[in-house]
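So the structure is just underneath, and the comments pick up after that.
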Amino acid sequence: MTEYSSHILIIDDEENLRHMLSAMLSRQGYRVDTAENGAEGLRLLREKVYDFILCDIRMPEMDGKKFLARALEEQVPSAVIMMSAYGSIDTAIECMKLGAYDFISKPFKKDEIVMVLKKAEERERLKSENNRLRGVISGSEGFCGIISRNAVMQEIFAQIRKVTDLKTTVLILGESGTGKELVARAIHMSGIRAHKPFVAVNCGAIPENLLESELFGHVRGAFTDAAVDKIGLFEQADGGTLFLDEIGEMPLALQVKLLRVLQEEEIRRVGAAVTRKINVRVVSATSRNLESDVKAGRFREDLFFRLNVFCIHLPPLRDRVEDIPQLFGHFAARYAAGSACAPVRCAPDAMRLLLGYDWPGNIRELENAVERGMILCEGSLITAGCLPPSLHTADCVSLVAAPDENLSIKKAEDAMERDLIRKALVKTGGNRTQAAKILEISHRSLLYKLKEFGIDQ
Ligand SMILES: Nc1ncnc2c1ncn2[C@@H]1O[C@H](COP(=O)(O)OP(=O)(O)OP(=O)(O)O)[C@@H](O)[C@H]1O
Ligand SMILES: [Mg+2]
């Protein structure tokens, strides 16, 4: 793994100082860009993400304070260190109040600036380490917010700890709603990259023709709408983690390019002649059966192996029912806190339903059921009546087997439809278009039925 080196932007109107600083910091291993005034600095910030900005205070056109205000307004994630010459200390202090990270007085010795940067880096690292430990240790909130006592999940937490600090690509598999994104965030948050960006992209949600420039960026004029240079998600995630969600939806043409990026560790913006080095950890996820996509020629085998260096397979909720009571408590408490209502308990008949149901939509479906229950319940007890109809129709499956006790054709039909839909979704790895085909109904009516049966997300 190539060591991550911080990106630094130097903004100063004095050419000599820019050259001196730039040469010195590059020698220290930093990656450095320079700008001669605030306006040029802002332009660079739209193209690249910097860890630190060293900004002079007195400059013609846009001065340091104005630049800082604009950068903060645009929520630039970099730490800004002001450089103040004699007579501008007051402004430097004002800048600190505004939100500058630190300031250093000119003239400064060479070592001094390196020390300030090292201290800032160390402070950032400690801050993220602190957050990380807080998240990992707080047992009641689970491992980075993932709640589970289940043995398979505990093993998964141990696996996450093992890979978290490495650059290994991780592939997360699991049915819809099993917590794939949560695990991706945990891999990022529990490791040394925690203080760098976590960037998530849903490969299925972006039109094919836009996805490439979204991932890799483009240069001005690369295509008709490309009026300005644009930084891609890979560059945004530099030093951190890029989460490629629904990787199975990535078009074949782009799969080749992604493979190359992972191998070369460099990207080329669309329309650009040069490549840029990147240091990004890639985590991907899918609810599809990628291996069968590989066999069917829908997914490249070489990319599959490259992504699948380390695989985490999340069990569905029906295989870890022991987590249901704690998850219920977690979601109920969260909803109560968010909507300022009183905490609730779960009545025994409702808990029986929750435990007996097979949760095709997994934890997300449980989360929705709890929220719905809290809206419908009166007082502080969630009873069976407050739970979604799908949990009750689950009982009807057994009624189909014992028709003597309930002769409702409607209920039996509903239960059967629900069952078939669930099986089709499991079989297709949650792909609704394919499920509709197998069920021989239209995509629209499948969506309608999912909603009706409460399987809708
Ligand atoms: N073990 C868990 N503890 C607490 N909350 C969880 C857990 N697993 C999942 N959740 C919550 O359930 C919801 C769904 O999780 P997430 O979005 O990570 O699932 P997913 O597998 O990515 O789903 P999809 O395949 O539909 O994208 C989220 O709100 C998440 O916070
Ligand atoms: Mg997801």
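Here the sequence shown is numbered in this note's numbering, starting from 6 and rising by one per residue.
We treat Cβ as the ideally placed atom computed from N, Cα and C, and that holds for glycine.
Everything numeric in this text was worked out from a predicted model, so none of it was measured.
Closer than 8 Å is the cut-off here; do at least three beta carbon pairs connect the stretch 221 to 236 with the stretch 188 to 206? no
Run through the stretch 280 to 311 for me and flag every whole beta strand (DSSP E) of 3 or more residues, listed as ranges in chain order. 286 to 291
6 Å CB neighbourhood of S181 in its chain, flanking five on each side removed: S292 and G435
Reduced DSSP secondary structure (H/G/I, E/B, other) of C391: DSSP, read as helix, strand or coil, puts C391 in helix.
Let me check one thing: in DSSP terms, what residues is C149 bridge-paired to? In DSSP, C149 forms no bridge with anything.
Buried or exposed: P393, going by 16 or more other Cβ atoms within 10 Å of its Cβ? buried
What three-state label does DSSP hand M356 in the structure shown? helix
Shorter than 7 Å, the distance from the beta carbon of E186 to the closest heavy atom of ligand 2, or not? Yes - ligand 2 has a heavy atom lying nearer than 7 Å to the Cβ of E186.
Measuring CB to CB, does I252 end up less than 8 Å from S297? no
Say the cut is 7 Å; is the CB of A210 nearer than that to a heavy atom of ligand 2? no
Closer than 7 Å by C-beta to G184: which residues in its own chain qualify, once you throw out the five before and the five after it? Chain order, please. I151, L319 and I368
Per-residue burial, I414 [other beta carbons within 10 Å of its own, 16 or more giving buried]: I414 should be labelled exposed.
Could you check whether A227 and G3 sit closer than 8 Å to each other, using their CB atoms as the reference points? Examination of residue 3 is not possible in this model, given that the chain is present from 6 through 462 alone.
Is it true that the CB of A429 sits closer than 8 Å to the CB of A420? no
Could you tell me which residues DSSP puts in a beta bridge with V175? V288 and F315
Residue span of the beta strand (DSSP E) that contains T246, given as start and end: T246 to D250
Residue range of the unbroken alpha helix (DSSP H) whose run includes M88: Run containing M88: none in the alpha helix (DSSP H); it sits in the beta strand (DSSP E), A84 to S89.
Are three or more beta carbon pairs between the stretch 19 to 27 and the stretch 36 to 43 nearer than 8 Å? yes
Can you tell me whether DSSP reads K115 as helix, strand or coil? helix
Coil, strand or helix - V261 by DSSP: helix
Using the three-state DSSP reduction, which class does C208 fall into: helix, strand or coil? coil
Return the chain-ordered list of same chain residues with a C-beta closer than 8 Å to the C-beta of L264, the five sequence neighbours on each side being excluded. R305, D307, L308 and R311
Please report the residue range of the beta strand (DSSP E) in which C108 lies. Cys is not the amino acid found at residue 108; the sequence shown has Phe there. Taken as a continuous stretch (DSSP letters only), the beta strand (DSSP E) holding F108 covers D107 to S110.
Measuring alpha carbon to alpha carbon, tell me which residue in G334, N214, C208 and R225 is nearest L247. C208
Going by DSSP in three states, C346 sits in which element: helix, strand or coil? coil
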